[in-house]
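Shown next, in structure tokens, is the structure this report addresses.
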Ligand code: NI
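Numbering (the working numbering), first residue to last: 4 to 139.
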């Protein structure tokens, strides 16, 4: 059930918010505010170290010496967190490695940070989501 509430905002802030919405393709303010609230709540859960699911993506050149081995070593070290991993050969040189993880936010972040910090990783990202409760 949807409930309504009203928000008072300074005009400048509202203009900026409308611009933010426009850039992201929102068609109405309620939808944009809902997404912002959800993001804030997910962030709060990360901070309280709840159970989360996450996706770590790495882009790297497979000619980089021993990088693939180091990724595999880390995945073994954190094997309890890892649900699955996929390797995609993007082109002649570049690879995309996607690791799906589930566990405590702090452990998920630790794994992601260590993977992204590996020498030769061109781009690395962690996306985390939460169900809003404990995972079972
Ligand atoms: Ni590859």
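Beta carbons are placed, not taken as given, at the ideal position from N, Cα and C, and that holds for glycine.
Simplified DSSP state of residue 10, which is helix, strand or coil:
For residue 10, the secondary structure class from DSSP, reduced to helix, strand or coil, is coil.
Ignore the nearest five residues each way along the sequence and tell me which others in residue 138's own chain have a CB closer than 7 Å to its CB.
Annotation note: pLDDT 49 at residue 138 (below 50); position unreliable, coordinate value reported separately. The answer, listed in chain order, is 54, 105.
DSSP-derived helix/strand/coil call for residue 63:
It is a strand residue.
I need the DSSP call for residue 92, collapsed to helix, strand or coil.
Three-state DSSP puts residue 92 in a strand.
Pull the bridge partners of residue 97 from the DSSP assignment, please.
Answer is 64, bridged to residue 97.
Are the stretch 108 to 121 and the stretch 17 to 28 touching, with three or more C-beta to C-beta distances below 8 Å?
Judged by Cβ distances under 8 Å, the stretch 108 to 121 makes no contact with the stretch 17 to 28, as fewer than three pairs qualify.
For residue 107, which residues in the same chain have their Cβ closer than 7 Å to its Cβ, ignoring the five residues on either side in sequence?
The beta carbon of residue 107 sits closer than 7 Å to the beta carbons of 52, 54 from its chain, once the five residues preceding and following it are set aside; these are given in chain order.
Would you list the residues sitting across from residue 127 in a DSSP beta bridge?
Residue 127 pairs with 61.
Rounded to the nearest angstrom, what separates residue 33 and residue 89 at their Cα positions?
Between residue 33 and residue 89, the C-alpha separation is close to 37 Å.
According to DSSP, residue 85 sits in a beta bridge with which residue or residues?
DSSP output for residue 85 lists 104 as bridge partner(s).
Looking only at its chain, what residues have a beta carbon closer than 6 Å to the beta carbon of residue 127, apart from the 5 residues adjacent to it on each side?
Once the five neighbours on either side are set aside, the close Cβ partners of residue 127 are 61, 119.
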